[in-house]
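> In the working numbering, the protein residues as written are 7 to 223. Glycine included, every Cβ here is placed at the ideal spot set by N, Cα and C. My structure is below; once you've seen it, I'll send some questions.
As structure tokens, this is what we get:
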């Protein structure tokens with residue numbers, strides 16, 4: 007027996023997903039028949055959220071002066087750097103909470119403490135995808151974070167007899183695991199997805215199968 011940590015990564019192409027699709031049925035429909043229980047099937051957070059109906063046409067968002075001001079404090083790569091992305095967050099949590107979070111975040115940065123804004127502003131602050139980070143035909147939509155990702159992973163894993171994870175990956179090599187049924191797979195998932203095999207454009211590969219071949223003969 008030759009022990010190896012090789013992970014084979016298979017992006018899985020699907021049709022354009024929407025609210026008429028059931029997330030677990032989508033996994034069942036597209037998962038390769040030769041998968042193993044040790045493999046990990048990942049789904050992007052935005053495709054999952056879209057199937058849950060958690061997106062808003064940016065043209066229907068009334069942008070306030072507060073949103074236009076606050077969004078200027080974020081890096082261009084952030085979904086909160088756009089006024090419509092920031093306004094979406096304000097609409098969820100209210101302007102007072104977001105303004106206080108921005109102020110506290112800025113003050114903490116002066117003392118070398120990073121990430122305070124995201125700790126205070128609410129979970130959606132990290133999960134919102136603005137129009138530049140969304141695949142057509144949802145490229146005119148702000149996509150929110152999905153519901154109950156932990157419950158989804160546990161249920162899907164049980165039904166499919168495979169490890170399941172909900173992830174947020176970008177082209178900068180950042181891999182965020184929102185939930186997984188087995189935290190022991192965390193490092194495997196991060197290593198496998200660092201190159202962003204699913205892509206962020208119109209590849210239509212929201213699922214990725216990580217073939218966790220730890221033992222080969």
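#1: Which of helix, strand or coil does DSSP assign to residue 195?
#2: Could you check where the beta strand (DSSP E) with residue 124 kicks off and where it finishes?
#3: State buried or exposed for residue 35, treating a residue as buried only when at least 16 other CB atoms are found within 10 Å of its CB.
#4: Ordered along the chain, which non-local residues of its own chain (more than five positions away) have a Cβ less than 7 Å from that of residue 218?
#5: Straight-line CA distance for residue 87 to residue 164?
#6: Per the DSSP calculation, residue 213 is bridged to which residue(s)?
#7: Going by the CB atoms, is the gap between residue 172 and residue 56 shorter than 9 Å?
#8: Alpha carbon to alpha carbon, how far is residue 23 from residue 41?
#9: Cα-Cα, which of 191, 202 and 119 is closest to residue 177?
#10: Could you spell out where the beta strand (DSSP E) holding residue 78 opens and where it closes?
Let me spell this out:
#1: helix
#2: No beta strand (DSSP E) holds residue 124; the alpha helix (DSSP H) holding it covers 122-127.
#3: exposed
#4: 13, 44, 45, 46 and 194
#5: 39 Å
#6: Answer is 18 and 49.
#7: Going by C-beta atoms, residue 56 is not nearer than 9 Å to residue 172.
#8: 22 Å
#9: 202
#10: Element bounds for residue 78: n/a, residue is neither H nor E.
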